[in-house]
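What the sequence shown shows, in this note's numbering, is residues 442 to 628, in sequence order.
A short worksheet on the structure shown next.
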Amino acid sequence: MFAFILLTLVAAPPENPLKAPEGWTSESIQLPPSFAPKMSLKGWEHVKFSPQMFDPESERFFSYVVCFETNRKKKMEPKAFGDQLLIYYRGLASTVSGGKVETGKFRWEWLDQKKPTEVKRGKLHWTEPFRTNKPQTLFIESRSWMHDDQLHIFMCVSSADWKHAVWKDLRRIRDQYVKKSDTAAAK
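Here is the structure:
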């Protein structure tokens with residue numbers, strides 16, 4: 442009995458550290474998630490969903506932020522991270538759709554950036570499995586850094602392109618979290 446209680450305490454998710462505007466919902470799950478057990482990243486995934494996340498009629502449909510706080514001790518090459526994203530989204534789509542979505546054609550692409558920057562942009566071409574079961578492009582900004590000897594990866598994700606107003610909210614949440622991490626690291 443004591444071992445069961447101890448295991449329950451160990452597996453309890455930490456408080457979601459992401460701060461978002463009122464109306465955003467959150468979840469924290471262990472990595473790798475049950476829908477993508479082949480992911481090599483281990484740790485915690487913290488998510489904040491926009492209020493219109495699951496409304497296909499909204500301009501903010503499928504807009505959210507996610508932070509992977511991993512136990513990885515070094516940065517990940519972009520190709521390897523793209524492969525991890527494909528494992529994640531293929532598993533998510535397959536699980537949510539009950540295997541009805543064909544995931545083999547999902548594609549990740551990093552975009553060429555003219556100047557070096559901490560934030561990388563990419564697009565995921567997939568089939569949205571929650572509401573529409575239709576092809577969708579997700580616009581993603583990714584930033585990774587080391588904190589307390591652990592790899593953190595923060596992504597802003599939306600079906601709206603980078604010019605849409607939702608990106609102000611997504612980036613604000615990211616920047617607040619990164620600033621908080623930087624402040625903690627400086628102490």
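We treat Cβ as the ideally placed atom computed from N, Cα and C, and that holds for glycine.
Computed from a prediction, not measured in an experiment: that's the story for all the values here.
Inter-residue Cα distance where the pair is residue i and residue j
| i | j | result |
| --- | --- | --- |
| ALA627 | MET517 | The predicted model places ALA627 with a pLDDT of 44, which falls under 50 and marks its position as unreliable, so this point remains unresolved. |
| SER469 | GLU510 | 11 Å |
| LEU565 | GLU550 | 7 Å |
| ALA461 | LEU472 | 22 Å |
| ARG613 | LYS546 | 33 Å |
| VAL537 | TYR618 | 29 Å |
| LYS609 | ASP616 | 10 Å |
| LYS556 | ASP602 | 20 Å |
| PRO455 | SER622 | 16 Å |
| ARG548 | LEU527 | 7 Å |
Cβ-based burial, residue i [other Cβ within 10 Å; buried from 16]
| i | result |
| --- | --- |
| GLU582 | buried |
| GLN554 | exposed |
| ALA477 | buried |
| ALA453 | exposed |
| PRO570 | buried |
| ALA534 | buried |
| GLY532 | buried |
| HIS487 | buried |
| SER475 | exposed |
| HIS588 | exposed |
Bridge-paired residues (DSSP) for residue i
| i | result |
| --- | --- |
| GLY563 | TRP551 and ILE581 |
| LEU472 | GLY484 |
| SER467 | LYS489 |
| GLU569 | LYS575 |
| HIS588 | GLN591 |
Host alpha helix (DSSP H) of residue i (start-end)
| i | result |
| --- | --- |
| LYS520 | 519–538 |
8 Å Cβ cutoff met for residue i and residue j
| i | j | result |
| --- | --- | --- |
| ARG572 | PRO519 | no |
| VAL542 | THR568 | yes |
| SER504 | VAL607 | yes |
| GLY563 | GLY523 | yes |
| PHE502 | TRP465 | no |
| TYR530 | MET480 | no |
| GLU463 | HIS605 | no |
| SER600 | LEU611 | no |
N-terminal and C-terminal residue of the beta strand (DSSP E) that residue i is part of
| i | result |
| --- | --- |
| PHE595 | 591–599 |
| THR511 | 505–511 |
Neighbour flag for residue i against chain D, beta carbons, 8 Å
| i | result |
| --- | --- |
| GLU543 | Protein chains in the displayed structure number just one, and chain D is not present. |
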